[in-house]
Each structure stands twice: as C-alpha cells, then as structure tokens.
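Undergrad:
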Amino acid sequence: MKIKFGRIIEKGKSLLLAYDQGLEHGPTDFNDKNVDPSYILKIAKKGKYNGIILQKGIAEKYYNKEAPLILKLNGKTNLIKGDPVSTQLCSVKEAINLGAKAVGYTLYVGSIHEAKMFRDFSKIQKEAHDYKLPVIAWMYPRGKAIKNENSEKILAYAARIGLELGADLIKIKYSGDINSFKWVVKSAGKAKVLVAGGPKLSKRGVLKEAHSAIKSGAISMAVGRNVWQYKEPLKMTKALKEIIFNNKKIESALKILK
Amino acid sequence: MKIKFGRIIEKGKSLLLAYDQGLEHGPTDFNDKNVDPSYILKIAKKGKYNGIILQKGIAEKYYNKEAPLILKLNGKTNLIKGDPVSTQLCSVKEAINLGAKAVGYTLYVGSIHEAKMFRDFSKIQKEAHDYKLPVIAWMYPRGKAIKNENSEKILAYAARIGLELGADLIKIKYSGDINSFKWVVKSAGKAKVLVAGGPKLSKRGVLKEAHSAIKSGAISMAVGRNVWQYKEPLKMTKALKEIIFNNKKIESALKILK
Amino acid sequence: MKIKFGRIIEKGKSLLLAYDQGLEHGPTDFNDKNVDPSYILKIAKKGKYNGIILQKGIAEKYYNKEAPLILKLNGKTNLIKGDPVSTQLCSVKEAINLGAKAVGYTLYVGSIHEAKMFRDFSKIQKEAHDYKLPVIAWMYPRGKAIKNENSEKILAYAARIGLELGADLIKIKYSGDINSFKWVVKSAGKAKVLVAGGPKLSKRGVLKEAHSAIKSGAISMAVGRNVWQYKEPLKMTKALKEIIFNNKKIESALKILK
Amino acid sequence: MKIKFGRIIEKGKSLLLAYDQGLEHGPTDFNDKNVDPSYILKIAKKGKYNGIILQKGIAEKYYNKEAPLILKLNGKTNLIKGDPVSTQLCSVKEAINLGAKAVGYTLYVGSIHEAKMFRDFSKIQKEAHDYKLPVIAWMYPRGKAIKNENSEKILAYAARIGLELGADLIKIKYSGDINSFKWVVKSAGKAKVLVAGGPKLSKRGVLKEAHSAIKSGAISMAVGRNVWQYKEPLKMTKALKEIIFNNKKIESALKILK
Amino acid sequence: MKIKFGRIIEKGKSLLLAYDQGLEHGPTDFNDKNVDPSYILKIAKKGKYNGIILQKGIAEKYYNKEAPLILKLNGKTNLIKGDPVSTQLCSVKEAINLGAKAVGYTLYVGSIHEAKMFRDFSKIQKEAHDYKLPVIAWMYPRGKAIKNENSEKILAYAARIGLELGADLIKIKYSGDINSFKWVVKSAGKAKVLVAGGPKLSKRGVLKEAHSAIKSGAISMAVGRNVWQYKEPLKMTKALKEIIFNNKKIESALKILK
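Residue numbers (my numbering), protein chains in the order written: chain Z, 1 to 258; chain C, 259 to 516; chain B, 517 to 774; chain V, 775 to 1032; chain S, 1033 to 1290.
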C-alpha cells in the first residue's frame, strides 16, 4: 500500500494549521478577526502551510485550495462532561469531493466509548486507504481511567495504538521533555508523529515546543491559536518553519518575531 | 456547491411560518381555528410567506403549494423529561417528494444525546446538499450541562456548531440584546441566521424582537404563535415584513396593527 | 397521495375486530372457544366486519379473506414492567404478501422509548404509503411521565402526534365524555379517529361508548373482548353496527341484545 | 404458505435429539463419551431420530446426514446472571447450506431483552418461511419479571406468543400435569407443541413426562441428557418411541429398559 | 467444508509468534529493540514460524511474507476497567488483501458484552469460511461473573464454546496440569487447541508449559514475550520446536539454551 502524502509532507517535514476549534471549544477562542474562516484561510495560503484542518461545514462554504485540505471526519462539543465520544460527521467520500488530501479522526483512548471510536475509525481508515489518502489520528488519552494525560507511558501507548490501528500520522500532545517523547515517537513506529498545538503560549514557549518535538523525532506540528491569536501570524509561521524545516535554533527563530 | 434557496430568501431576507407545535408541544397551543392546518396554510398563502414549516404528516394531508415547503425532518414530544433527543421522522427523499424546498433539523447541543443527533444530521445534510436543498438547523442548547440557554456565549457556540456541521440557515433564539446577538451572527459566518419565535408576546414585543434581530445581522424570522394566535394574522404578517424587508422602525410598523 | 381504504371504511364508517390480545395480554383473555383464531375469523366473516386485526403468526396460519386484514406490525407482552417499547415484528412487504389491506403500529407516547418507536413508525408509514396502504396508529400515552392516560389534554396530544407523524387512522381510547373527545377528534385533523375497545363492559356500556364516540366525530370502533367474550357475538356486532352506521340510539340497539 | 416438515414430523409425531448443551451449560453435562459429538450423531442415526439439534460449529465439523438437521440459530452461555439474552449465531442461509431441515431460536419471554429477541426472531422467521423451512421457537419464560417459570398461566402465554410470532413448532417445558398442559397446547393453536427435556430423571420419570405430554396434545419431545447420559441410549430411544408413536403405556415401555 | 490450514499447521503441529501486545498492553512490554515490528518480523522469518499474529496497522506498514500472516480482527486497550469488550478493527476481506492465511478474534466469555462479541464473531467466522480461511478464537473467560479464569471447568467451557461457535483453532491459557488440560482439549473436539503464551517465565518454565500442553493434546503454542524478551530469541524458538515437533524432553531442549 502506497499512501499519497502529496504536499502534506515536504522533504520529510510539515507545518499544519488547525481550525476546528469552533466546534471543539466554541467561538470563545476567537476574536472579531479570526472568527472568520476567510481570515484563517488567507494565513494558510500566504504562510504556505502544508495543510489546513477543517470540519465539513467550513470546507464547503469557504475552502478554495488555499492549502492542502485535511478534513476532520469526527468531532464533538465541550459542553458535555464525562468520558468523551467523538462522532463521525463526514464520510471519506464527502471529504474527497471537498478536495481533501488527508482525513483526520480523534480517538479518545481510555474513554468508556473507546470501542465505538475504534470501530468507526477502522472503517474510515480502510476507506481512506482505498483512495491512498493519508489518515491522521488525533490520539488523545481521556476519561476517568486516565490519571495523567501527559505521562510518557500513556502517550507512548496512545501513539502505539495509532500505529496498530493503521494511522499514517499520529497527532499527539508533546510530553514535556525530549527523552520521554523519543519513546513516544519510537512507539509510533512507521506512523509519523505530529505534535498537537494547544492554548496560547509565550513566543519562546511555542518555538521551544516545536524545537523539542522535532529533536525527538516528530516530523510535524499542527498550530492554531498560537498562530492566529498571535499579532503577526505570518511571522510566527516563518519562525516555526525555520525550526521545523531548516533546523534553526530557538534564539535564531526568535529574531524573526522581534 | 451552490445551494438553491429559491423563494425561501428574497432580496436577502425572509419571513417563515412555523407550524410544528402540534408535535413539539401538543394542541395546547391551539384553539378551534388554528388547530386546523388548513387555516394556517391559508395565512401562509395570503401572507406570501417565504416558507411554511411542517412535519411530514401535515404536509402529506394538507399541503398544496401555499408557500415554499420547509419539511422538518426530526421531532419529539415534550412529554419526556431529561436531556432531549429528537429523532428522524422523514427522509430527505420523502421531503422532496412532498415538494420541500428546504429541510429542517433540530440539534439539542449540550444534551447527552448530542452525538446521535450530530451523526444523523451529518447524513441528512449530505443528502440534502446532493439535491442542492438548503438545510436549516434548529440550534437549541438544552440539557443538564446547559446553565443558561440564552447566554451570548452558549448561543454563539450553538450558531458556530451549525456552521461547522454544514447548515445553511441557523434557527436560533434571540439573545435579548443587539450587541451580543451580533457576535452570535458573526460566529455563524456564512451560515445565515434565522431568529426563532416563541411564546406569544405583546404586539410591540414581537416587532421589537424582529427589529433587533435584523439590526444584529439576522436575515429572517420564523413566526408561529405570535401570528396565528394573534387576532389578525395577516396584519401582523404585514407589520413584520415592513421591519424585515423594508427597514421600517417599530413605531411605523405598529401603526399597521392599530 | 391517495390512500386506498377499500372496505376498511364503508360510507365513511367502520367496525373492526381486534384479535391481537394473545400477544399483548396472553390467553388469560380467552376461553376454550375464543382461544381458537378460527372461531374469531368466523365472527369476522359472518359479522361482515370492515377489518380483522391480527399478528403475522395468526394471519399466516389461519387467515383466509374472512374480512379485510389489518396486520399489526409491532407488539409486546405485558410481562415486563416500566416504560413500554413495542418492537417491529413484521414488515410492510410481509403484511402485503399475507393479504393485508392496512397496517397497524402502536406508539407509546411519553415512554422513554418513544424516539425508537417514532423512528420505526416513520419508516413503515413511508413504505406503506408507497403501496397506498392505510396506516393505523395505536396512540397510547404510557410511561412514568404520563400522569393520566385518559385526560383530554393527553389524548388530544396523542391524536395530534398521530396526525403529525402521518397516520391515516388513529386508534385511541375514549376520553369518557363527548365534549373532550370532540377536541381529541379535532386535534387529529384529517386523520380519522377509531375508538379502541377495552375490557369487557355491560351491554349498555359498550353501546354507550360506541354512541358517544361516533357523536364526537370518531368514524370507527375496534372491538375485541366485548364481542367475542359476549355470549352472542353476532348480535353484539349487529347492535354496534346500528349505532355506527345507522345512527340508531342506544335503547333501540339494546333491543337487538334482548 | 406450505411449510415442509419432511421427516421432522412422521405420522404427526416426532422424537428429537438435542445437543446444544455444550454452549448453553458447558461440558459439565458431558462425560468422556458424550463430550464427543460423533458419539451423539451415532445415536441420532441408529435411533432414527426425527431431528438432531446442533449449533453451527458442531454441524460444520461433524454432521453427515445422520438425522434431519435442526440448526439452532441463537445461543448464549450460562455464565452471566440477570435477565437473559440469546444472540443470533447463524443465519438461515448458513443453516440451509449446512443441510438444515428446520431452524431453532430461543425466546426468553419476560426478559428485559425480550424486544431484541422478538425483532431478531421475526426476521429469521420470515427468511426461513421464504424457504418453507419450519421454525422451532424455544419459548422460555425467564427474568426478574417471571415469578414461576412453570405455571400454567405463564407457559400458556409463552406458547401463545410463539403462535402469534409465527413459530411452527413450540418447544416448551412440561407444566407438570395434563390438565394444565392441555391449555398450553390449546393456546399454541396450529403451532405444534414439542416438550423440552431437561436434567436427568429416573427411567420412569422420563417416560411419564413423555406419556403425559403426548396425552395433553404435544406431538413431540426433544431429549438430550435423559438419552445420552443413560447407559443404553438406544433402548431409551426405543421406549420413548413406543410411547410417542405407538400410544404405549408407561409400564409397557419400561419393559424395554429392563 | 474444507479449511485451508496451509503452513499454519505442519505435520499436525505449529508454533506461532504473537505480536499484538502493542494494542492490548501498550509499549510497556517492549524495549528499544522489540518495540520495532521489523525486529519481530525478522525473528518470525529466521525462526520459520508457522504464523505471525498482527493487527491491521502493523501488517499494512511492515509485513512482507516473513511468515504466514494471522490477522487479529478485533482488539482493545487495557485502559478501561470492568467487563471487557473487544471490537472489530478489520474485516475478513481486508485481512485477505493484506495476505492473511488465518484470522483471529478474541471472545471474552462471561463478560456482560459476551453477546455482542458472539454476534460479531459469528459473522466473521462465516465470511472467513467462505474463503476457506482458518478462524482462530482467543477464548478468554473474563469479567465479574468469572471467579477463576484458569479453572478446569471454566477453561473447558471456553474451549467448548469455541467449538460450538465454529472456531478451527482455539487459543486458550494452559490450565496448569496435564489431567485438567486433557479435558479442555477433549471439550474442544475437532477444534484444535493452541496454548496462549503469557508474561515472561524462566527458561524451564516456558519449555515445561509447551511440553505439558503438547502432552495434553494441544497442537500449537503462541509465543510472544517469552521469545522476543529473551536474549536469544532464535535459540528459544529452536528449543520450543524441539518439544513441539520432535517430542523432545524438557532437559534435552534446555541444552539449546545453554
């Protein structure tokens, strides 16, 4: 089986822009500018991102080939408490018709609804691979059974599950230190590791996370709030690219943001 | 994808007549006149409404092109307490065979049954769009997890979910003030906002809500009880149209009801 | 859509024989004679009933065109307590192959399983109407949420749900007085109302209920125990027909039973 | 509809051999000899049984037309407590491909899972009848709602449910006395009654149960442990046949076992 | 029905390599070497194993005919407590496309989710047999209802369930002594018994278990941690083969490991 990564991986590396927060967190993450998907798509285009992550609804109404489309096939709100379940909202076929070059799916491992998400994932993985489309698994340990979502042990398990289930890329949180994250990356085997962004950090914080992740063996980072909540998104994009693609040090990349 | 709105949106605006209360609340909302669907359909025709919202059963037995048909595809009674679930009662194909120009679906966001409704909605959205049929999402925050159904934050989230899931129009409650509702409308992006009516208000109350909603960026209002429980439904219709389509002030529209 | 009522409605009226008690209540309702479906089918034939209501199993083994067949498509036992659910036991296609001229389905409105029954009903309603077959909805309010199964308010709501969901005939309990039942009938709109029989009453009691139901606007009665538990079933049949079809008074019909 | 009973009913009577205890109870019922399905199949052949009842797995690996095959389509273990559910393990089509001349299905009436089993049964009943294959329903009252599994009232109800749902043969426990079992048989109508064996009884006990069942109107008995746990299975078979097919008295049949 | 065992059984015996621990237990079982599937596949090839057991994801990315592929079709993590359920992750068709010569499925007998796993298994068993593919059932008693997972009684029941459901090979834990395991093997009938490995034992411990299992009638052993956590996996492989294929004694085989 030969998966077509296309522009999603360039020279073995990648920088992705995530914009599915509207469903997952609500517009509370947004301001008057970035609440508008057009604004984000402009950043994706000007920043030459390797991929833009969208839900079906946004893709249908706004997407116009600004960057390779990664369609998120499932999702949920943050309104309901308890062990999470993320339900399928778009089929592989629909994603392809919208121009997707990859599909994404969240698996909350450790949730009591784990089996349902595994089953649904196994079907979309199959269908996507029939089209040679890369499958990105958001591997998020979550639920009452998970004591520490960010421990090396649980993150390595999550990464491995992604490999065993057939993901091509595994989107996972950074564990906090290079040594432990190397084991996470190793556990993922031939599935490539993609570090998930998160809440807004300091400039140095973002760049440091990117730097450590790449040094640990991750090949990509998915950024969202740290780019489009930043005053100059394209500068932040450039700084991240220097680290990811050009092996620049943190201090060197920081100069771009001055 | 090009959705066909047809007469449902005229010159960018719209006034819809809702008559699905028989299922949602029971005939307790009705009197001897308006319990009869024929009476309502006459109002829809004479008032030149942009759409009449009906369940399958009423459409089959009564509808005769009095106004563009918006078929409500799911529904529930108000008999059962606890987190609500609204189940599919009609397919997109059946709706089209009955003459529907748009379909409607209620999503109780925040309900523990949210995932089920999201999944069902995602399928009817897909099928409707295959026919270029507009999809109207009733976005109602409801359930134990929802503290305040009418807060700006929760309404903006609900509107955004509608956009992310692919709705073309979002039927939502008015938040109570123009500033907050502008954020709700902004969160909905290219999905158009349609204000849901509600229990009977004073004449001035109804017109004020329409006026504020339109001023906030909503393009439409769905009226029910405030029209057909009013002594002169066609006069109320006219007053509302003056506000929605002709930018009239409240006092000016009120004169029609004198 | 033109539904074919055939002989099930004659001159706008109807008298039906129900014999699904074997499943719903068990043979406790039966004696040595009426436990035998052949005995009941003879009554249906000699009494020229407008319909005989049977489950699939009885229809397959006994039915031979004694009267128009109304196949009950769902059912349950009375063994399990708690909010009821009635599951589908026969498809529309099977019913037609058995010779059915109409299909029946019970909806326990107010039960926590309401959504499941609504969904299943919506599909059989669609399929039956594709064949122009009348759909009879047994509208029974039931479950913890229902305080008074026989109140005007709840019966009117139940009747209305039947209309909204697309039933052609609504089988419902008599409310106890003409004024309230008129509102029930009005709430059902173009869906015709059919009064459900019940446990054995006095001769006068049965005839009085039939008389009041017809006077309230119902067009039909479904009888079971009050006919086949009566010593002379055909005489009772005749008395009921005098009331339903010939507008006879109770006293006049009672003479037949002397 | 004409069901093909073939050799399963001979001259209106029948003796069946049941061997599904391995799944339902585990090998605890077996010894070194009868744990081997080949041993049982030899008894079925030499004893000229009217049917041998097997699960799919045993049929696939051992069955070779030793007697008409009755494939049990559902099953469960006895490991889990609480209201039972028996799930489908084999399709009608698979059964036919294995050579089945009839199919069997257990319905635990009164279990909270009753509706699920009714629904599944209704589908296999339909499919089997499309092939004119007899359907045998194991009618077992079970669950918290059932106070006395062997009372006349509950057994008659169970038998009737079998008839209403479309079973051709009803496998049911003997009620303990002829008078009450006659009512059970009568409640089953044209569905034939087949008495279920059970734990090992004394020689006289087995024969007496067979004798009483036949006298009550049952047409068949399904034996298992009372035959293959007996030292001379073929003699026991002969004794039972004398009672079932030749109207012999208990004392007369007992002589065969001396 | 003729199942094609191919190289999975050679001269009536078999040694399999299991590598599905990454999903079932996480990489906690692994070290820097054996976390890499390529390392394991080399052992499978050089050791001429009769089969290598993998999940879909590993097979897709790593498998290259190193040994006959046994695709595990279901799986779960060990993160969630309570009665286990293992969900389907791969179809029979996908397995075949990946080159599988057999498929595996875990059945947690005694779990409250037993019925769901039985139902899913019955379908994959059917589909696999349509392709003449051997079906290996992991028969694991598990859940609140199971007091002692390793008792003779429960293991014999588990083995028998595998036979009744149509498994061709039954993977089961060794009971601890030859006498009891003989009864387990006998209960499995024509379904062949395959002893499941487990946590790392002493050299002598592993060989003793293999020796006893074969002596009890098992035909195969599936090894994992005891091979690839051992310093010289190929020597351990050789020692096990001496016992399984060549009837060597424990002491004789131990010399290989010196």
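Beta carbons: idealized from backbone N, C-alpha and C, even for Gly. Bear in mind that the values here come from a model prediction, so they are computed numbers and not experimental data.
Is the region 89 to 101 of chain Z in contact with the region 139 to 153 of chain Z, if contact means three or more CB pairs nearer than 8 Å?
TA: no
Undergrad: Just the chain B side, please: which residues come within less than 8 Å of V/L937 by C-beta, in chain order?
TA: By one-based count along the fourth sequence, residue 937 of chain V stands at place 163. Here the neighbours are G538, G573, I574, K577.
Undergrad: Do you know whose CA, among S/I1246, S/I1035, S/D1209, S/L1239, lies nearest S/L1289's CA?
TA: Translated into the one-based positions of the fifth sequence, residue 1289 of chain S becomes position 257. Checking every option, the nearest Cα to that of S/L1289 belongs to S/L1239.
Undergrad: Which same chain residues, not among the five before or five after B/E582, have their C-beta less than 6 Å away from its C-beta?
TA: Taking the third sequence and counting its residues from 1, the one referred to as residue 582 of chain B is at position 66. Closer than 6 Å at Cβ, skipping near neighbours: L557, A560, K561.
Undergrad: Measure the Cβ-Cβ separation of C/S369 and C/P392 and say whether it is below 8 Å.
TA: The sequence position of residue 369 of chain C within the second sequence is 111, counting from 1. The sequence position of residue 392 of chain C within the second sequence is 134, counting from 1. It is not a contact, given that the beta carbons lie outside the stated cut-off.
Undergrad: Assuming contact is defined by CB atoms lying nearer than 8 Å, are Z/G57 and C/L421 in contact in what I supplied?
TA: Within the first sequence, residue 57 of chain Z is the residue found at index 57, counting from 1. Within the second sequence, residue 421 of chain C is the residue found at index 163, counting from 1. Yes, the Cβ-Cβ distance between Z/G57 and C/L421 is below 8 Å.
Undergrad: Grouping DSSP H, G and I as helix and E and B as strand, with all else coil, what is V/Q1003?
TA: Residue numbering aside, residue 1003 of chain V sits at position 229 when the fourth sequence is read from its first letter. The answer is coil: DSSP assigns V/Q1003 none of H, G, I, E or B.
Undergrad: When the Cα of B/H541 is compared with those of B/E767, B/G740, B/K747, which residue comes out closest?
TA: As a position in the third sequence, residue 541 of chain B is number 25, starting the count at 1. Cα-wise, what sits closest to B/H541 is B/G740.
Undergrad: With DSSP collapsed to three states, give me the class of C/Y321.
TA: Within the second sequence, residue 321 of chain C is the residue found at index 63, counting from 1. It is coil, neither helix nor strand.
Undergrad: Below 8 Å on C-beta distance, what does Z/Y157 contact in chain E?
TA: Included in the structure are the protein chains Z, C, B, V and S, with no chain E among them.
Undergrad: Counting only beta-carbon separations shorter than 8 Å, does C/T364 have a partner in chain B?
TA: For the purposes of this step, residue 364 of chain C is taken as residue 106 along the second sequence, with counting starting at 1. No, no contact with chain B.
Undergrad: Do V/I944 and V/A933 have their C-beta atoms within less than 8 Å of each other?
TA: The residue given as residue 944 of chain V occupies position 170 in the fourth sequence. The residue given as residue 933 of chain V occupies position 159 in the fourth sequence. Their beta carbons are under 8 Å apart, which means V/I944 touches V/A933 by this criterion.
Undergrad: In whole angstroms, what is the alpha-carbon distance linking C/I266 and Z/A95?
TA: Mapped onto the second sequence, residue 266 of chain C falls at position 8. Mapped onto the first sequence, residue 95 of chain Z falls at position 95. So the alpha carbons of these two residues sit roughly 28 Å apart.
Undergrad: Give the straight-line distance between the Cα atoms of V/E923 and B/S728, rounded to the nearest whole angstrom.
TA: Looking up residue 923 of chain V in the fourth sequence gives position 149. Looking up residue 728 of chain B in the third sequence gives position 212. Distance between the alpha carbons of V/E923 and B/S728: 43 Å.
Undergrad: Would you kindly report the start and end of the unbroken alpha helix (DSSP H) that includes B/K702?
TA: Taking the first residue of the third sequence as 1, we reach residue 702 of chain B at position 186. Where B/K702 is concerned, the enclosing alpha helix (DSSP H) stretches over 694 to 703.
Undergrad: So what's B/Y555 in DSSP terms, helix, strand or just coil?
TA: Taking the third sequence and counting its residues from 1, one reaches residue 555 of chain B at position 39. The answer is helix: DSSP assigns B/Y555 an H, G or I state.
Undergrad: To the nearest angstrom, how far is it from the Cα of S/E1274 to the Cα of V/I898?
TA: Position 242 of the fifth sequence, counted from the start, is the residue given in the question as residue 1274 of chain S. Position 124 of the fourth sequence, counted from the start, is the residue given in the question as residue 898 of chain V. Their backbone Cα atoms lie some 50 Å apart in a straight line.
Undergrad: DSSP state of S/T1269, grouped into three classes?
TA: Within the fifth sequence, numbered from 1, the residue matching residue 1269 of chain S stands at position 237. Three-state DSSP puts S/T1269 in a helix.
Undergrad: Excluding the five sequence neighbours on either side, which residues of its own chain have a C-beta within less than 6 Å of the C-beta of C/G455, listed in chain order?
TA: What you label residue 455 of chain C is simply residue 197 of the second sequence in a count that begins at 1. So the list reads A480, V481, G482, N484, once near-sequence residues are dropped.
Undergrad: Is Z/I146 close to chain S? Criterion is C-beta to C-beta, closer than 8 Å.
TA: Position 146 of the first sequence, counted from the first residue, corresponds to residue 146 of chain Z. Chain S, which has a Cβ nearer than 8 Å to the Cβ of Z/I146, makes this yes.
Undergrad: Residues of chain S with CB closer than 7 Å to the CB of V/L863, please, in chain order.
TA: As a first step, residue 863 of chain V is located in the fourth sequence; it is residue number 89 there, counting from the start. Those within 7 Å of V/L863 in chain S are F1150, S1154, L1197.
Undergrad: Whole angstroms is fine: what's the gap from Z/K13's alpha carbon to Z/S220's?
TA: The residue you call residue 13 of chain Z lines up with position 13 of the first sequence. The residue you call residue 220 of chain Z lines up with position 220 of the first sequence. Going by the C-alpha atoms only, they are around 6 Å apart.
Undergrad: Given a cut-off of 8 Å on the beta-carbon distance, is the pair S/L1049 and S/Y1081 in contact?
TA: For the purposes of this step, residue 1049 of chain S is taken as residue 17 along the fifth sequence, with counting starting at 1. For the purposes of this step, residue 1081 of chain S is taken as residue 49 along the fifth sequence, with counting starting at 1. Result yes, Cβ atoms of S/L1049 and S/Y1081 sit closer than 8 Å.
Undergrad: Let's see if you can read the secondary structure: which residues bound the beta strand (DSSP E) around V/V877?
TA: Taking the first residue of the fourth sequence as position 1, residue 877 of chain V is located at position 103. Element bounds for V/V877: 874 to 881.
Undergrad: Could you tell me which of S/T1119, S/A1242, S/K1164, S/F1150 sits nearest to Z/K116, measuring between CA atoms?
TA: Counted from its first residue, the first sequence places residue 116 of chain Z at position 116. Measuring from the Cα of Z/K116, the nearest candidate turns out to be S/T1119.
Undergrad: Looking at B/Y621 and B/F637, is the spacing between their C-beta atoms short of 8 Å?
TA: Along the third sequence, read from residue 1 onward, the residue named residue 637 of chain B stands at position 121. Along the third sequence, read from residue 1 onward, the residue named residue 621 of chain B stands at position 105. Cβ distance < 8 Å, so B/F637 and B/Y621 count as in contact.
Undergrad: Given this structure, state the Cα-to-Cα distance separating Z/A167 from V/C864, to the nearest angstrom.
TA: Translated into the one-based positions of the first sequence, residue 167 of chain Z becomes position 167. Translated into the one-based positions of the fourth sequence, residue 864 of chain V becomes position 90. Near 33 Å, if we compare the C-alpha coordinates of V/C864 and Z/A167.
Undergrad: When you compare only the Cα positions, how much space is there between S/I1193 and V/K1009?
TA: In the fifth sequence, residue 1193 of chain S corresponds to position 161, counting from 1. In the fourth sequence, residue 1009 of chain V corresponds to position 235, counting from 1. Computed Cα separation, rounded: 30 Å.
Undergrad: Let me know the alpha helix (DSSP H) ranges lying completely inside the region 899 to 955 of chain V, each 4 residues or longer, listed in chain order.
TA: Every alpha helix (DSSP H) stretch that sits fully inside the region 899 to 955 of chain V and reaches 4 residues is listed by chain position as 926 to 939.
Undergrad: Taking Cβ to Cβ, would you say B/E725 is nearer than 8 Å to B/S696?
TA: If you number the third sequence from 1, residue 725 of chain B lands on position 209. If you number the third sequence from 1, residue 696 of chain B lands on position 180. In this structure, B/S696 does not lie closer than 8 Å to B/E725 by Cβ.
Undergrad: Consider the Cβ of C/K520: report whether some Cβ of chain Z lies at a distance smaller than 8 Å.
TA: No answer is possible for residue 520 of chain C: the residues shown for chain C start at 259 and end at 516.
Undergrad: How would you call B/T593, buried or exposed, if buried means at least 16 neighbouring beta carbons within 10 angstroms?
TA: On the third sequence, residue 593 of chain B is found 77 positions in, with the first residue counted as 1. Result: buried.
Undergrad: Residues of chain C with CB closer than 7 Å to the CB of Z/V280, please, in chain order.
TA: Chain Z is shown only over 1 to 258; residue 280 of chain Z falls outside these bounds and no answer can be derived.
Undergrad: Check the Cβ of V/G884 against every Cβ in chain B and list those closer than 9 Å, keeping chain order.
TA: Translated into positions along the fourth sequence, residue 884 of chain V becomes position 110. Those within 9 Å of V/G884 in chain B are T593, L595, I596.
Undergrad: Counting contacts by CB-CB distance shorter than 8 Å, is V/S961 in contact with chain B?
TA: As a working note, residue 961 of chain V is residue 187 in the fourth sequence. Yes, V/S961 lies at the interface with chain B (some Cβ there is under 8 Å from its Cβ).
Undergrad: Less than 8 Å between the CB atoms is what I'm expecting for S/V1216 and S/L1187, so what's the real figure, rounded?
TA: By one-based count along the fifth sequence, residue 1216 of chain S stands at place 184. By one-based count along the fifth sequence, residue 1187 of chain S stands at place 155. Contact flag correct, Cβ pair sits at about 5 Å.
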